[in-house]
Amino acid sequence: MRALLSLIVAIIITMGTSHVASATGLVNFTKTPDIVPGQRGVMELYLMNTFSANMTNISLLMHIYAFATQHGVVPISSIPPENRPHFADGGESFWFNYSELAPSEKLYINVTIMTAPATAHGSFFSQDIYEMSSILSFHVGNTGYRFASPGVFNSTEWHHLLYMENGAEYLNYTLLNSLGYSGIIPDTSFGVNTPSPLYLIYVSASLSMLFALIAFIYYRRSKQGPQQRR
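Given below as structure tokens:
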């Protein structure tokens with residue numbers, strides 16, 4: 002739900018009291034893995050400078066903050082440390098710093114996520130996910146900007162950040178700025194699930210072969226045309 006709302010409010014973001022710009026396109030996730038417990042996966046994303054001047058002192062912080070199952074969402078802190086997924090450096094947070102991006106320039110980032118056989122996970126049928134928040138900060142000229150995804154805020158803050166007016170949902174920019182942020186960027190997620198059972202693969206392959214055979218027989222009969230009686 003928060004991820005959907007973040008896409009809505011990220012279209013036009015007010016930055017401070019006098020800067021208005023688009024937050025769309027700053028952070029772009031191109032691959033979110035579904036990892037088998039005990040293996041690793043790579044999340045792929047890129048940052049893009051959507052401003053007309055250079056972005057400098059760029060810092061990206063990503064954090065695994067929740068585990069979402071078909072039964073509900075629980076904070077990552079409720080899972081024993083040895084059963085949590087983590088980044089390649091061993092923590093649940095990932096830091097990335099970069100010096101400068103020119104206008105329209107893209108910076109590609111690969112983030113490796115590690116799991117253990119005991120990592121809390123779902124199944125092929127449930128498709129459970131871990132939710133990740135992000136904070137992106139940088140400067141454009143002498144102006145500093147700080148964007149956060151919905152997962153950065155607690156439920157009370159997020160509730161007060163959004164308000165309804167004339168049937169539409171809006172972002173409370175004044176409160177957002179008072180919390181120290183310039184705008185909203187999307188959350189993201191990745192899955193940790195057991196793979197498809199082998200019998201499903203065998204059944205799928207068998208059905209594919211059966212349908213291919215039926216199609217071939219139908220094709221041959223249609224090519225031969227109706228048989229005349231003697």
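Using my numbering, you'd call the opening residue of the sequence shown number 2 and step up by one each time.
Glycine is no exception: its CB is placed at the ideal position from the N, C-alpha and C atoms.
Taking only three categories from DSSP, how would you classify PRO76? Your numbering for residue 76 matches position 75 in the sequence shown. Three-state DSSP puts PRO76 in a strand.
Which residue comes first and which comes last in the beta strand (DSSP E) that contains ASN178? On the sequence shown, position 177 is the one that residue 178 refers to. In the DSSP assignment, ASN178 falls outside any beta strand (DSSP E) and lies within the alpha helix (DSSP H) extending over 174-179.
Looking at HIS122 and THR51, is the spacing between their C-beta atoms short of 8 Å? On the sequence shown, residue 51 is found 50 positions in, with the first residue counted as 1. On the sequence shown, residue 122 is found 121 positions in, with the first residue counted as 1. In this structure, HIS122 does not lie closer than 8 Å to THR51 by Cβ.
Please report the residue range of the beta strand (DSSP E) in which THR157 lies. The residue labelled residue 157 in the question sits at position 156 within the sequence shown. It is not in any beta strand (DSSP E) - THR157 instead sits in the alpha helix (DSSP H) that spans 156-162.
Do you know offhand how far GLU158's Cα is from LEU27's? As a position in the sequence shown, residue 158 is number 157, starting the count at 1. As a position in the sequence shown, residue 27 is number 26, starting the count at 1. Those two C-alpha atoms are separated by around 23 Å.
Per DSSP, cross-strand counterpart(s) of GLY123: Against the sequence shown, residue 123 aligns to sequence position 122. DSSP output for GLY123 lists ASN194 as bridge partner(s).
Give a yes or no on whether the C-beta atoms belonging to GLU93 and ILE65 are separated by under 8 Å. Taking the sequence shown and counting its residues from 1, the one referred to as residue 93 is at position 92. Taking the sequence shown and counting its residues from 1, the one referred to as residue 65 is at position 64. Taking 8 Å as the Cβ cut-off, GLU93 and ILE65 qualify as a contacting pair.
So what's ASN84 in DSSP terms, helix, strand or just coil? For the purposes of this step, residue 84 is identified with residue 83 of the sequence shown, where counting begins at 1. ASN84: helix per DSSP, three-state reduction.
Does DSSP classify GLY168 as helix, strand or coil? Against the sequence shown, residue 168 aligns to sequence position 167. Of the three classes helix, strand and coil, the one that applies to GLY168 here is coil, per DSSP.
CA nearest to the CA of TYR182, picked from ASN143, GLU166, VAL153: Your numbering for residue 182 matches position 181 in the sequence shown. Between TYR182 and the set ASN143, GLU166, VAL153, the nearest pair of CA atoms involves VAL153.
For ASN98, which residues in the same chain have their Cβ closer than 6 Å to its Cβ, ignoring the five residues on either side in sequence? As a working note, residue 98 is residue 97 in the sequence shown. Correct list, in chain order: SER60.
Kindly confirm or deny that the segment 161-169 and the segment 98-111 touch, where touching means at least three C-beta pairs closer than 8 Å. The segment 161-169 vs the segment 98-111: no contact.
Below 8 Å on the Cβ atoms is my contact criterion, and I expect PHE191 with THR33 to pass it. Report the Cβ-Cβ distance as a whole number of Å. Here residue 191 corresponds to residue number 190 of the sequence shown, with the count starting at 1. Here residue 33 corresponds to residue number 32 of the sequence shown, with the count starting at 1. Between THR33 and PHE191 the Cβ distance is about 5 Å, and since that is below 8 Å, they are a contact.
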